[in-house]
Amino acid sequence: MKRGRSRNNQGRSNQGRKPNPNRAFESNGPGVKVRGAASTIFEKYKQLAQDSTTSGDRVSAEYYYQYAEHYGRLVQGQVDEKEKREEEQRTQRDARQAEYDARKAARQEQEAANQAKQQAKAPEPTQADKPAEAKPETPAPSSNGNDVPASMQVVPKQAAEAVEEPPAPVRRRVRRPRVKAETPAPE
1363 MKRGRSRNNQ GRSNQGRKPN PNRAFESNGP GVKVRGAAST IFEKYKQLAQ DSTTSGDRVS
1423 AEYYYQYAEH YGRLVQGQVD EKEKREEEQR TQRDARQAEY DARKAARQEQ EAANQAKQQA
1483 KAPEPTQADK PAEAKPETPA PSSNGNDVPA SMQVVPKQAA EAVEEPPAPV RRRVRRPRVK
1543 AETPAPE
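Every number in this note's numbering is 1362 more than the matching position in the sequence shown, counting from 1.
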């Protein structure tokens, strides 16, 4: 039976993807097979080269050093890419933070300007707008010297409105809690 092609990667390249730094490698070196991440293979070949040098096998040691150098370059490339990526992320984060701070400062300035505008637009209360203070019930001396009780004095219209009592609060009806209908107990 014929197998169909995978459509998972259709029309897309590998451009946006980052290489996996922990990718497992398989190395078939001279007389040894090494598996693992680039850093572990580098360490393994370096150790094998040192062992060959101590045993007196200069040719094998040179082979192992060449393999170690190759994987060392891979590791260094991964480290450089990681540092570059971190630096780009740091600059992007700093740029975003600076943009956020600028927007926040502009918003605060705008709010302060709006508040100043509103305060400038709002008219200051005049004497007519201010409520008159309630006067005590003491008799005021009249111009002819006779004392007139407060109930008999003529009060200006604005002062009379301020003296009137506010309407009594409306009493709300108290709701009774709902009672669940009793259901017969199962037998």
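Even for Gly, the Cβ is constructed at its ideal location relative to N, Cα and C. Treat the numbers as computed from the prediction; the structure is a model and nothing was measured.
Residue closest to residue i, alpha-carbon to alpha-carbon, out of the options
i: Ala-1400; options: Val-1394, Leu-1410, Ala-1430 and Asp-1413; result: Ala-1430
i: Ile-1403; options: Gly-1418, Asp-1419, Ser-1414 and Gln-1428; result: Gln-1428
i: Gly-1393; options: Ala-1411, Ala-1530, Arg-1385 and Asn-1476; result: Ala-1411
i: Ser-1422; options: Gln-1451, Ala-1475, Gly-1391 and Arg-1535; result: Gly-1391
i: Lys-1406; options: Pro-1531, Arg-1469 and Glu-1388; result: Glu-1388
Per-residue DSSP class, three states only, for residue i
i: Gly-1418; result: coil
i: Lys-1395; result: strand
i: Glu-1544; result: coil
i: Arg-1534; result: coil
i: Ala-1484; result: coil
i: Pro-1539; result: coil
i: Met-1363; result: Because Met-1363 sits at a pLDDT of 46, beneath the cut-off of 50, its placement in the model cannot be relied upon, and the following sentence gives the value as read from the coordinates. Of the three classes helix, strand and coil, the one that applies to Met-1363 here is coil, per DSSP.
Which residues DSSP lists as bridging residue i, in chain order
i: Phe-1387; result: Gly-1398
Minimum Cβ-Cβ distance from residue i to chain B less than 8 Å
i: Ala-1457; result: No chain B appears in the structure shown, which is made up of a single protein chain.
Could you tell me whether the stretch 1419-1438 touches the stretch 1453-1466, where touching means 3 or more Cβ pairs closer than 8 Å?
-> no
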